[in-house]
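Take the sequence shown: its position 35, counting from 1, is numbered 1228 in my numbering, and each next residue is one higher.
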Amino acid sequence: MNPGTFAIGGDLTVDRIGFGAMRLARNGMDATPRDPETARAVLRRAVELGVDHIDTADFYRGPDGTVRANDLIRQALFPYPAGLVIATKVGPVFGPDGPTQGTADDIRPAVEANLEALGVDRLDLVYLRIGWRTPPQGESLRDRFEVLAAMREEGLIRHLGVSNVDEAHLSEAHGIAPVAAIQNLFDPTDAAETALADRAAGEGIAFVPFGGLGSGRGSARDEGYAAVARRHGATVAQVALAHALALSPNILAIPGTGSLAHLEENLAARSLTLTPEDLAALR
Ligand SMILES: NC(=O)c1ccc[n+]([C@@H]2O[C@H](COP(=O)([O-])OP(=O)(O)OC[C@H]3O[C@@H](n4cnc5c(N)ncnc54)[C@H](OP(=O)(O)O)[C@@H]3O)[C@@H](O)[C@H]2O)c1
């Protein structure tokens, strides 16, 4: 059964399996660059197969910084099909040694860089990404999020999100401007993460886990996924995606790939429905 759609911010309706663009220019921080033509083919095929939610960032680049996911997206897909939602994130700043955390002063130029590279007048969804994979507890996001809120008021951004945050960050951001989406490295066995995802569900906020396929390094949950996969004639990746989507209707998957075969495999998870027994076994 198709997992259906979710309306980000109440008005940007997307299929619950989208696409993560981080793997287009290279497959991981230490990896060699990928072929841009293949990357553009993956993007075009994704849209052909119904992907209407692409997750990107200006700092998703190849090793020397010259091949950028945003450029590949524009080259492959501009003019963008109606209904395509492109979500991006700001916070980190790309330097000679890769991304480092920026300050409030870096936010406006980063939003402008995304507008320019993607060739749009308004960005659909911009996350403030703080920390690296895990929430930086106790760190205020106020100054940075206030810049984003002002740019939203100016009409340059439709919806705002936060990434790598805990509940306190969400509350702080929500006090400044509406939060439409949260993007975190989600572990369904982590009580704090589950509480955050539940709060997001209650408040109509999209919860967008990244690294749902173990970021290519495999996951501690793969053994359980493999057993369920065998029962369905599916793959571990498909079960991982179906499992995430089964947890709550506000969860959106953004599997990242630079491979046409993996793209097709991941999108085929739309037709995989896990049974109550499968879900109990994966708990
Ligand atoms: N907010 C943040 O801090 C943050 C951090 C990281 C990522 N993200 C976002 O989340 C997206 C997903 O994260 P991610 O790319 O780290 O992790 P992921 O989706 O868990 O894993 C991607 C990795 O899995 C491989 N893969 C993809 N499909 C596969 C399949 N069907 N079978 C086997 N391997 C497969 C990919 O290699 P191939 O390319 O060879 O398929 C790649 O190495 C990113 O694209 C990015 O948009 C956000």
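C-beta: ideal position from N, C-alpha, C; glycine also.
By Cβ distance, which residues of its chain are closer than 7 Å to I1398, with the 5 residues on each side in sequence left out?
Once the five neighbours on either side are set aside, the close Cβ partners of I1398 are V1372, A1373, A1374, I1375, N1443.
Hey, would you say the C-beta of P1448 is under 6 Å away from at least one heavy atom of ligand 1?
P1448 Cβ: within cutoff of ligand 1.
Count the other C-beta atoms from every protein chain shown that fall within 10 angstroms of the C-beta of M1222, then say buried if there are 16 or more, exposed otherwise.
Counting Cβ neighbours within 10 Å, M1222 comes out exposed, since fewer than 16 surround it.
Beta carbon of R1181, beta carbon of I1300: below 7 Å?
Given a span of 1194 to 1476 for the chain in the structure shown, any question on residue 1181 remains unanswerable.
Is D1208 a contact residue of ligand 1, with contact defined as CB to any heavy atom under 6 Å?
No, ligand 1 has no heavy atom inside 6 Å of this Cβ.
Can you tell me which residues form a DSSP beta bridge with F1400?
Bridge partners of F1400: I1375, I1444.
For A1238, which residues in the same chain have their Cβ closer than 8 Å to its Cβ, ignoring the five residues on either side in sequence?
Before going on, a small fix: residue 1238 reads as Arg here, not Ala. The residues are L1453, L1456, E1457.
Is the shortest distance between the beta-carbon of T1198 and the beta-carbons of chain D less than 7 Å?
Included in the structure is just one protein chain, with no chain D present.
Would the segment 1270–1280 and the segment 1379–1396 be scored as touching if the rule is three or more Cβ pairs under 8 Å?
Segments in contact, no.
Kindly indicate which residue of A1370, S1464, S1333, H1362 has the alpha-carbon position closest to the one of I1350.
Of the listed residues, the one whose Cα sits closest to I1350 is A1370.
From G1449, R1476, V1260, R1233, pick the residue whose C-alpha is nearest to that of E1416; which is it?
Closest by alpha carbon: R1476.
Give me the DSSP bridge partner(s) of V1358.
Beta-bridge pairing links V1358 to no other residue.
Quick one: is the Cβ of Q1376 within less than 6 Å of any heavy atom of ligand 1?
Correct: Q1376 has its Cβ closer than 6 Å to ligand 1.
Roughly how many angstroms lie between the CA atoms of V1340 and D1383, to the nearest whole one?
For V1340 and D1383, the distance between alpha carbons rounds to 31 Å.
Counting Cβ pairs closer than 8 Å, one from the segment 1204–1217 and one from the segment 1429–1448, do we hit at least three?
Enough Cβ pairs lie closer than 8 Å, so yes.
How close, in whole Å, do the beta carbons of L1406 and A1439 come, if the pair is a contact with beta carbons under 8 Å?
The Cβ separation is near 16 Å, so there is no contact.
Hey, quick one: how far does the alpha helix (DSSP H) through R1322 stretch, first residue to last?
Here R1322 belongs to no alpha helix (DSSP H); instead the beta strand (DSSP E) covers 1316–1322.
Give a single yes or no on whether L1311 has its beta carbon closer than 6 Å to a heavy atom of ligand 1.
Result no, Cβ not under 6 Å from ligand 1.
Does ligand 1 have even one heavy atom less than 6 Å from the beta-carbon of H1362?
H1362: no, Cβ never under 6 Å from ligand 1.
Could you tell me the boundaries of the alpha helix (DSSP H) in which I1279 lies?
Careful: I1279 lies outside any alpha helix (DSSP H), inside the beta strand (DSSP E) at 1278–1283.
Any idea if R1216 is buried or exposed, counting beta-carbon neighbours within 10 angstroms, 16 or more meaning buried?
R1216 should be labelled buried.
Going by alpha carbons, who is nearest to G1197 out of A1473, G1426, T1466?
Minimum Cα distance to G1197 is reached at T1466.
Enumerate in chain order the residues of its own chain whose CB-to-CB distance from F1400 is below 6 Å, with the five nearest sequence positions on each side excluded.
If we look at F1400 and ignore the five residues flanking it on each side, its Cβ neighbours are I1375, A1390, A1393, N1443, I1444.
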